[in-house]
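Numbering (UniProt numbering), first residue to last: 1 to 252. Report on the following structure.
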């Protein structure tokens with residue numbers, strides 16, 4: 001394992017009834033890296049991130065964030081990372097500004113600091129004009145952006161993001177990308193899950209490919225893909241195949 005890792009996963013295992021979802025995986029995310037966790041739908045990405053953030057208890061294994069065990073020392077660990085879960089559920093009867101204030105005060109932050117950071121985040125994410133609008137009335141892209149603002153409000157060292165670009169319009173996507181790239185450039189670490197290889201290839205320095213709850217390949221993205229596009233490596237490792245759609249001859 002990497003000595004200075006932002007996130008360390010050791011022997012992580014989870015089953016639902018008799019169905020294995022994550023099968024004894026081990027992984028190290030280098031500090032300061034932009035790390036992509038990729039895999040087809042049902043590969044175990046969301047389950048893995050849910051265990052890493054303390055939202056789902058593993059059957060076995062350990063997770064550490066900068067050396068702090070997520071399950072044995074959850075209070076310390078959760079001050080270090082920020083989370084944007086897939087299918088984000090927020091208190092949507094609050095405005096964007098109110099939601100950030102609530103999140104900050106819930107974390108015990110000083111109100112003045114919360115106000116200052118909220119203003120900066122709303123401006124950076126292009127939400128200043130909607131800060132007094134109910135989150136329930138936000139578009140999908142705006143909801144992702146206010147979720148990211150909540151994840152970053154307490155100045156975490158690590159962001160754990162589950163499908164942050166899913167259902168997001170190109171303008172919002174570009175804004176989120178720039179924010180995350182600046183976060184990493186200033187020393188932060190990001191783990192994002194995705195099944196869109198082009199996004200991961202453009203953003204990430206490291207990647208892990210999951211398939212059926214296991215890690216099929218992991219490392220610096222240049223090493224994993226070699227001389228091939230990442231998508232070709234991904235399809236080969238997960239056993240996918242393409243065809244010409246000839247079996248749908250009735251669509252004429």
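Heads up, the beta-carbon is just placed ideally off N, CA and C, and yes, glycines get one too. Predicted model, so just to flag it, every value in this text is computed and none were measured.
Simplified DSSP assignment, three categories, for residue i
i           : result
residue 10  : strand
residue 140 : helix
residue 183 : helix
residue 215 : strand
residue 220 : strand
residue 69  : strand
residue 234 : helix
residue 100 : helix
residue 210 : strand
residue 87  : coil
residue 226 : coil
residue 107 : coil
residue 257 : Absent from the model: residue 257. The displayed extent of the chain is 1 to 252, so no value can be given.
residue 153 : coil
residue 251 : coil
Chain-order list of residues whose beta-carbon lies under 7 Å from that of residue i (same chain, five-residue window excluded)
i           : result
residue 101 : 114 and 118
residue 237 : 209, 211, 216 and 217
residue 109 : 154
residue 107 : 154
residue 288 : No information on residue 288 is available, as it lies outside the stretch 1 to 252 that the chain covers here.
Status (buried if at least 16 other CB within 10 Å, exposed otherwise) for residue i
i           : result
residue 162 : buried
residue 248 : exposed
residue 4   : exposed
residue 57  : exposed
residue 75  : exposed
residue 50  : buried
residue 229 : exposed
residue 96  : buried
residue 239 : exposed
residue 175 : buried
residue 192 : buried
residue 105 : exposed
Residues bridged to residue i (per DSSP)
i           : result
residue 95  : 134
residue 126 : The partner list for residue 126 (beta bridge, DSSP) is empty, contrary to what the question assumes.
residue 82  : 159
residue 5   : 30
Same chain, Cβ closer than 6 Å to residue i, neighbours up to 5 away in sequence not counted
i           : result
residue 141 : 168, 169 and 172
residue 122 : 128 and 131
residue 84  : 147, 148, 151, 161 and 164
residue 220 : 206
residue 213 : 20, 21, 22, 23 and 44
residue 225 : 233
Contact set for residue i: own chain, Cβ-Cβ below 8 Å, skip 5 residues either direction
i          : result
residue 32 : 6, 184, 187, 188 and 189
residue 11 : 24, 25, 26, 60, 61 and 62
residue 82 : 150, 151, 152, 153, 154, 156, 158, 159 and 160
residue 94 : 102, 134 and 135
Test: residue i CB closer than 9 Å to a CB of chain D
i          : result
residue 49 : No chain D appears in the structure shown, which is made up of a single protein chain.
Uninterrupted beta strand (DSSP E) stretches inside the segment 13–67 (no shorter than 3 residues):
19–30, 34–38 and 60–65
Complete runs of the alpha helix (DSSP H) confined to the segment 161–205 [at least 4 residues]:
170–185 and 197–203
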